[in-house]
Amino acid sequence: MDDRSTTRRSFFGLAGGAALLCTIGGEEVEVSNSKGLEKADAVAARVRRPRAAAARDVPQIQPAPGGVRREYWIQAETARWDITPIKRDEWHGRKFPNRNGYRAYVYRQMTPGFAAPAGGINIPGPTLRAEVGDVLVVHFRNADRKLRQAVTMHPHGVKYNPEYDGAYMGDFTRAGGFIAPGETFTYQWECTPDSVGVWPYHDHGPNHTLNTFRGLFGALIVRPKGVKHPDVSYTVFAHQLPPPITGIQRNFQCLNGRAYAGNTPTLRSRVGQDVEINAFGMDSNFHTFHIHGHRWKDPAGTYVDNPAMGPNESVTARFVEDNPGRWLYHCHVFTHQDTGMAGWYVVDP
Amino acid sequence: MDDRSTTRRSFFGLAGGAALLCTIGGEEVEVSNSKGLEKADAVAARVRRPRAAAARDVPQIQPAPGGVRREYWIQAETARWDITPIKRDEWHGRKFPNRNGYRAYVYRQMTPGFAAPAGGINIPGPTLRAEVGDVLVVHFRNADRKLRQAVTMHPHGVKYNPEYDGAYMGDFTRAGGFIAPGETFTYQWECTPDSVGVWPYHDHGPNHTLNTFRGLFGALIVRPKGVKHPDVSYTVFAHQLPPPITGIQRNFQCLNGRAYAGNTPTLRSRVGQDVEINAFGMDSNFHTFHIHGHRWKDPAGTYVDNPAMGPNESVTARFVEDNPGRWLYHCHVFTHQDTGMAGWYVVDP
Amino acid sequence: MDDRSTTRRSFFGLAGGAALLCTIGGEEVEVSNSKGLEKADAVAARVRRPRAAAARDVPQIQPAPGGVRREYWIQAETARWDITPIKRDEWHGRKFPNRNGYRAYVYRQMTPGFAAPAGGINIPGPTLRAEVGDVLVVHFRNADRKLRQAVTMHPHGVKYNPEYDGAYMGDFTRAGGFIAPGETFTYQWECTPDSVGVWPYHDHGPNHTLNTFRGLFGALIVRPKGVKHPDVSYTVFAHQLPPPITGIQRNFQCLNGRAYAGNTPTLRSRVGQDVEINAFGMDSNFHTFHIHGHRWKDPAGTYVDNPAMGPNESVTARFVEDNPGRWLYHCHVFTHQDTGMAGWYVVDP
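Line by line, the protein sequences are chains A, B and C.
Each step along the first sequence adds one to the number in this note's numbering, with nothing skipped, and position 164 is 164.
When you read off a place in the second sequence, starting at 1, and then add 1000, the result is the number in this note's numbering.
When you read off a place in the third sequence, starting at 1, and then add 2000, the result is the number in this note's numbering.
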């Protein structure tokens, strides 16, 4: 069980599609190993703030009548993260020699005013929740001191002024598209009627691909006002952690930054509960989301148990729980399912 | 036209994504050629029955009022299977030097009590059919004597007790998740109102990826009670047979275990018939299902002629036939279409 | 910034899935570089007209009551085409040493009777527009003098007689499936009620994969009679131009034959306009279509901002514009987005 051989390296590096080709600050950088990652970070650290991004007289967005401003404090920071913390695959019984740690980049929720962490380090970042008519107000701080590069928060689904797009666009970059280390910026995103849904947010700074792969992503959910909420709501991101990101000579097929059942999230519910599980693709691959023993209606009214999802697409499984037991859930791409992209869903009677 | 060169081997092995990485019984096995396959089989043969899987006091499932128990007898066996039986591609006229046979693993329908085969060896296995309210009762036998490993039947779409999940889950495996060579097990699956649809079933034993790739898959169709059935109904699985599975140094893009028009199923109908063609993805790739000269409504009400499908997803083309002629049907991934994933649909006036 | 190194070559050739395996005229040709392309063209030039394709007494198709015959004159020709005409990526500021030209194969719109070009060389070909009840009459000429091989036009969505399928089918090829150099053929396609939608057309001759990759594709739109048309309507094809097609040692992720923002189409609209953007996949990969700052209803009634699309599938973004600014639009497959598959959408107040 040698995880480090050159055979494995070429196997995962090429066949797994694990090499990343990135455009950063006017250069193209091939990131096929840790050295490539270092180079990419150095290039990203040299990207200067575009002039248009310097504006700070950004508009104040008011909620619609009846809506509120929902405030979050979130900071981006890098931290050690274990991909296989229990050092074991509970499905097949495989043991791992180590926890497979790497330097992750995460969105961490803070208490108001960035006073203190509101919780631990986690992949994905906090799930932002709002209703139609609200404004999501996200006070964002780039708190990382190691990588010396700008990052952002770019949301899907909500409506926003270009200042709050959170996307680096070179000369066309606006205020929210370049948050340098140590800086704070407040995003204001409108939850319009057509924002209803389950959406991802992620880094869209100058080094977005690598930093998103490192863990800078999360979910936001906008519901119609007054609608019944599910009793339990889970969020599962399907994504790979390839060698260039982790420095580990194998490709991990992950759910929420973890690989292999028992490490990946163990979802739980009870019979009778209104259950919602939101799944996303968050890498360069296409995935499916399958839960054993369950099926649900997709938006077109078809019963499904294994819908496909592309990068930054979401699917929602919503059902009233009626089937107690321990169930596998997994991506049904066979090569993903077998190398970590699976977990437990445990239903109590 | 040398099918065996090392150039080809690396081309298909790497670029085709044909190598398989499997987790089997606590080990990770790279399967990039026949030797890897042998190793995987040896590892799978050593997997012991988990304790929880020994239970035999499994529940008896009763049909809903008006429903019936629909019984099938199916056995898993390995057999020689030809990928290109006519040694020719009828589309482009290409000739093959041989039939490209390999050891397949198939679900074979038997007469009641496993008295005798109910038909020949086939990929996919028999299509199971039921209506809402029924219980699908599948008497399953692992009849293979060569590979000495447990297999199962895991269904999608239907509702089942954990004993009937048909999934190996290590220490958590239940009765139906480990059917050793020579053993028989009776699955009982409920066809609830939300089971309506076209679903796959497949092996989910300890060596599921390789055995599913070898051919252990089929379809099950649950219809609402009393609904009009189509006049003709076809099932088409899109999947690859890569070198490690076949021992042949090229990757075959298959429909129902066959590659290239004339070998793949030739579908037939007549003008005026109510036609249903159910297509599935059944490998680690995403596919589309295109029929020339035809289009149909998808579940959202949009007319389509080439919908996408992920692994273990199905799409259904249903239409009243109005266009006589000989038509190509194929996956529209260009590299799949060109290397076997195409066939004929012949409509008589 | 060396685009030509062997490292890059193997990187793009293998990891990018850029090699093409084609079946042409009874042979299988590996096309992994310019030499392979030459060989494929030589093989394609030797394909003889199938006997059944010689028929010229093809049926005349009449429009439904109230419909009309909509005539187009289109010729296939090869021409030099620049992938990065402005030699710069306006998003990340990267400069290119050259325009990255290659020999493209395009559908060019002509004035009636092929009297003169109706416009310049373009990828994609002209968008064909019709209403339900109409017959699309496409006078097609294979005007290329260099590649000496048959090409066709194969449409999706519309209804057609086998003579007008536009698909080479070996011995079963009909009249419209083999248009040799210098020949002209008139396709007649019915726009039936179930043809409503946005569809691709493309080459389906003996060398269809390579010629489609070279640029032989376009869109056709069929609307219900009398329906409101959008104020602006754009068509965007997501596809790669890999080394074997271009002879350039890198893989371009393109939109309409161009790579990197500023080269790819800059879409424009004004606040208040009814905007339609139709996006297609047109290679062997799956893509998504994301527009910053916007969302729209998909056919199932779900709000989306990043739907997936397979090869030759389309998705339509339709919305009333309400968000002025400069926005990125891109495929959300990270490796595609970073290597060219992105552009600007500019909304005037």
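In this text, a Cβ means the ideal position worked out from N, Cα and C, and glycines have one as well.
For clarity, every value in this text was computed on a predicted model and none was experimentally measured.
Cβ neighbours of residue i in the same chain (closer than 6 Å, five flanking residues each side left out)
i: B/T1264; result: L1255, R1258, G1343
i: A/H332; result: T288, H290, N306
i: B/E1071; result: V1137
i: B/S1195; result: G1157, V1158, V1222
i: A/P80; result: Per the sequence shown, residue 80 of chain A should be read as Arg rather than Pro. Around A/R80: G101.
i: B/A1130; result: R1070, L1136, C1191, V1222
Residue closest to residue i, alpha-carbon to alpha-carbon, out of the options
i: B/W1091; options: C/H2294, C/H2290, C/T2111, C/H2208; result: C/H2208
i: C/P2357; options: C/L2267, C/S2034, C/L2220, C/F2286; result: This structure cannot speak to residue 2357 of chain C, because chain C is shown only from 2001 to 2349.
i: A/R48; options: A/G66, A/V196, A/G101, A/G205; result: A/G205
i: B/G1262; options: B/T1288, B/G1340, B/G1036; result: B/G1340
i: A/A118; options: A/Q109, A/G125, A/P124, A/P126; result: A/Q109
i: A/Y102; options: A/N211, A/V58, A/A143; result: A/N211
i: A/V347; options: A/G293, A/N306, A/H330; result: A/G293
i: C/A2279; options: C/I2248, C/V2315, C/K2297, C/D2194; result: C/V2315
i: A/V232; options: A/T192, A/L147, A/S269; result: A/S269
i: A/G113; options: A/W73, A/R145, A/Y160; result: A/W73
Three-way DSSP call (helix, strand, coil) for residue i in this model
i: A/D348; result: strand
i: B/F1289; result: coil
i: C/D2194; result: helix
i: B/Y1260; result: coil
i: C/K2039; result: helix
i: A/H154; result: strand
i: C/H2202; result: strand
i: A/E163; result: helix
i: A/D274; result: strand
i: C/F2096; result: coil
i: A/R88; result: strand
i: B/T1335; result: helix
i: A/G101; result: strand
i: B/A1054; result: helix
i: C/A2116; result: coil
i: A/S269; result: strand
i: C/A2044; result: helix
i: B/G1343; result: strand
i: A/G281; result: strand
Beta-carbon contacts of residue i that lie in its chain and below 7 Å, excluding the five residues immediately before and after
i: C/Y2187; result: V2138, F2140, M2153, Y2164, G2166, G2176
i: C/P2349; result: V2271, P2324
i: C/R2145; result: P2181
i: C/Y2345; result: L2267, I2291, W2327, Y2329
i: C/A2053; result: T2173, R2174, A2175, G2177, F2178
Cutoff 8 Å; reference residue i; Cβ partners in own chain excluding five residues on either side
i: A/D283; result: F213, A238, H239, Q240, P311
i: C/V2320; result: G2272, Q2273, D2274, V2275
i: A/P85; result: R99, R258, N263
i: A/A104; result: T78, A79, R80, W81, I121, I123, R214, G215, G257
Range of the contiguous beta strand (DSSP E) that encloses residue i
i: C/M2176; result: A small correction: the amino acid at residue 2176 of chain C is Gly; Met does not occupy that position in the sequence shown. No beta strand (DSSP E) contains C/G2176, which DSSP labels as neither H nor E.
i: C/N2142; result: 2135-2142
i: A/R69; result: 69-82
i: C/E2028; result: 2027-2031
i: A/F252; result: 252-255
i: A/F319; result: 314-320
i: A/H128; result: In the sequence as presented, His is not what sits at residue 128 of chain A; that position holds Leu. Its beta strand (DSSP E) spans residues 128-131.
i: B/I1024; result: 1020-1024
Span of the alpha helix (DSSP H), counted from its first residue to its last, around residue i
i: B/T1209; result: 1208-1214
i: A/H330; result: From DSSP, A/H330 is part of no alpha helix (DSSP H) but of the beta strand (DSSP E) over 325-330.
i: A/T302; result: Element bounds for A/T302: n/a, residue is neither H nor E.
Exercise. Counting only runs of 3+ residues fully inside the region 1219-1250 of chain B, write out the beta strand (DSSP E) ranges in chain order.
Key: 1232-1241
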